[in-house]
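Data block below; observations after.
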Amino acid sequence: MIQTIKDFYMSTGFSAITWGQVGMICVSFILLYLAIKKGFEPLLLVPIAFGMFLTNLPLAGLMAPPVGHDQPGGLLYYLYQGDHLGIFPPLIFLGVGAMTDFGPLIANPKSLLLGAAAQFGIFVTFLGAIASGLFTPPEAASIGIIGGADGPTAIFLSSKLAPHLMGSIAVAAYSYMALVPVIQPPIMKFLTTKEERMIKMKQLRNVSRLEKLLFPIMVTLIVSMIVPPAAALIGMLMLGNLFKESGVVGRLSDTAQNAMMNIVTIFLGVTVGATATAEAFLNVQTLAIVCLGVVAFGIGTAAGVILAKIMNKFTKDPVNPLIGSAGVSAVPMAARVSQVVGQKENPSNFLLMHAMGPNVAGVIGSAVSAGVLLSLFSGF
14 MIQTIKDFYM
24 STGFSAITWG
34 QVGMICVSFI
44 LLYLAIKKGF
54 EPLLLVPIAF
64 GMFLTNLPLA
74 GLMAPPVGHD
84 QPGGLLYYLY
94 QGDHLGIFPP
104 LIFLGVGAMT
114 DFGPLIANPK
124 SLLLGAAAQF
134 GIFVTFLGAI
144 ASGLFTPPEA
154 ASIGIIGGAD
164 GPTAIFLSSK
174 LAPHLMGSIA
184 VAAYSYMALV
194 PVIQPPIMKF
204 LTTKEERMIK
214 MKQLRNVSRL
224 EKLLFPIMVT
234 LIVSMIVPPA
244 AALIGMLMLG
254 NLFKESGVVG
264 RLSDTAQNAM
274 MNIVTIFLGV
284 TVGATATAEA
294 FLNVQTLAIV
304 CLGVVAFGIG
314 TAAGVILAKI
324 MNKFTKDPVN
334 PLIGSAGVSA
344 VPMAARVSQV
354 VGQKENPSNF
364 LLMHAMGPNV
374 AGVIGSAVSA
384 GVLLSLFSGF
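This is the structure:
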């Protein structure tokens with residue numbers, strides 16, 4: 014009887030759990046708390062946190078690879094192939110494109126420069142990661158992309174260049190996206206004067222339907238010709254937008270925005286979280302990724318604001334520097350932060366549509382940056 018009880022105990026997870034797994038389960042509970050109680054990016058943080066919880070359950074084997082032909086792998090191992098093969102992030106971009114209005118960017122092409130400036134944080138952080146001596150160039154490139162504040166792009170690039178860091182990078186990227194309203198305002202206020210924050214901008218012109226139809230086609234052509242590795246992300250982003258703007262494929266547009274987007278978000282979040290095992294997460298590299306990630310995000314925010322201030326010295330129509338912070342591609346959160354900070358200084362000021370230009374430009378910019386880094390380091 015005693016032996017039977019002992020054998021049963023040895024077959025349970027209680028006999029095999031490690032302190033590292035206990036620590037990671039606690040981390041997953043903290044992320045669930047932040048997502049559910051505090052509302053920090055819940056659509057992705059909930060599945061990521063629960064995937065982290067599942068993968069650290071002892072003996073469950075949900076991320077175990079198959080052994081020969083007789084022993085299949087775990088459920089999450091097979092779903093993870095969508096991350097590993099770079100399938101899920103472009104599908105997320107398809108849904109994002111179907112929900113995005115590029116009209117503010119088309120109406121004010123100068124905002125493309127602000128979106129590009131915000132990518133500066135990616136490359137500064139890449140150099141910082143190299144200088145730390147903790148990371149190889151491909152790993153540093155994957156960490157730097159956090160500065161674009163674009164979770165799917167960070168996952169896409171890390172799946173190609175540093176899959177062993179994907180969990181840490183994804184958690185850092187989505188955590189900082191959720192903290193946009195906390196991180197950005199102090200930087201924006203420090204770099205601008207009260208008078209600059211009160212600047213009112215001219216109303217944007219109306220954008221024709223033809224312009225909106227040509228935009229996704231031309232962007233796909235130009236970007237893919239210049240940076241071929243970015244074609245998967247840009248192509249899916251612009252295909253989704255063409256669904257929306259064409260007006261003739263309502264069912265496809267609706268599916269991309271809703272059903273498909275929700276399904277892929279679940280699979281992407283759970284499987285990314287499942288890569289965050291105790292062995293992969295609890296180390297010095299992860300702490301460095303978290304620190305470098307916030308540096309990347311801060312530099313990207315600052316670069317957009319500073320370029321907007323510089324533009325004011327050369328343009329006839331004034332630009333409110335607050336919209337430069339929206340160049341990071343956390344859509345539409347970063348644009349909303351520009352609106353909120355601007356209205357605190359001048360309640361009659363409406364910056365949201367102006368900020369959406371740099372915001373959607375940042376989505377394109379982060380995909381292009383990922384393509385550049387992928388072309389440089391994919392064979393490293």
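In my numbering, the protein residues as written are 14 to 393.
Beta carbons are placed, not taken as given, at the ideal position from N, Cα and C, and that holds for glycine.
As the structure is a computational prediction, the values presented were derived from the model and not from experiment.
Could you check where the alpha helix (DSSP H) with residue i kicks off and where it finishes?
i, result
"E224", "222 to 239"
"L47", "32 to 49"
"A309", "297 to 324"
"V354", "346 to 358"
"N254", "244 to 259"
"Q270", "263 to 270"
"R218", "Run containing R218: none; DSSP gives neither H nor E here."
"A291", "291 to 294"
What is the rounded straight-line gap between the Cα of residue i and the Cα of residue j?
i, j, result
"P176", "G375", "24 Å"
"E247", "V232", "Note that residue 247 corresponds to Ile in the displayed sequence, not to Glu. Their Cα atoms are separated by approximately 8 Å."
"I377", "L252", "13 Å"
"I319", "L70", "47 Å"
"Y91", "V35", "25 Å"
"F106", "L126", "21 Å"
"V350", "V332", "16 Å"
"G160", "K173", "18 Å"
"I158", "T166", "8 Å"
"M201", "A368", "13 Å"
"G64", "N121", "41 Å"
"G26", "G74", "11 Å"
"F101", "F256", "19 Å"
"V240", "L386", "10 Å"
"M324", "A380", "24 Å"
"V137", "K19", "56 Å"
"T299", "L217", "43 Å"
Is it buried or exposed for residue i, if we count other Cβ within 10 angstroms and need 16 for buried?
i, result
"M238", "exposed"
"K329", "exposed"
"I312", "buried"
"L170", "buried"
"F115", "buried"
"L223", "exposed"
"V59", "buried"
"S388", "exposed"
"R264", "exposed"
"G228", "The sequence shown places Phe at residue 228, not Gly. Looking at its Cβ environment, which holds 16 or more other Cβ atoms inside 10 Å, F228 is buried."
"F133", "buried"
"I156", "buried"
"T205", "buried"
"M190", "buried"
"K357", "exposed"
"M249", "buried"
"T31", "exposed"
"Q84", "exposed"
"S391", "exposed"
"K50", "exposed"
"G286", "buried"
"E292", "exposed"
"V261", "exposed"
"Y22", "exposed"
"G52", "exposed"
Under 9 Å, Cβ to Cβ, is there at least one residue of chain D near residue i?
i, result
"I235", "Chain labels in this structure do not include chain D; a single protein chain is all it has."
For residue i, does the three-state DSSP call read helix, strand or coil?
i, result
"S24", "coil"
"M14", "coil"
"P371", "helix"
"F169", "helix"
"A185", "helix"
"P331", "coil"
"V341", "coil"
"F203", "helix"
"F390", "helix"
"L174", "helix"
"L192", "coil"
"T278", "helix"
"L365", "helix"
"A394", "Since the first residue of the chain shown is 14 and the last is 393, residue 394 is not available in this structure."
"T288", "coil"
"A162", "coil"
"A383", "helix"
"M179", "helix"
"M273", "helix"
Entirely within the region 87 to 152 and at least 4 residues each: give me those alpha helix (DSSP H) ranges in chain order.
-> 88 to 97, 101 to 112, 116 to 120, 124 to 130, 133 to 145
Which whole runs of the alpha helix (DSSP H) in the region 53 to 90 are 4 residues long or more, in chain order?
-> 55 to 68
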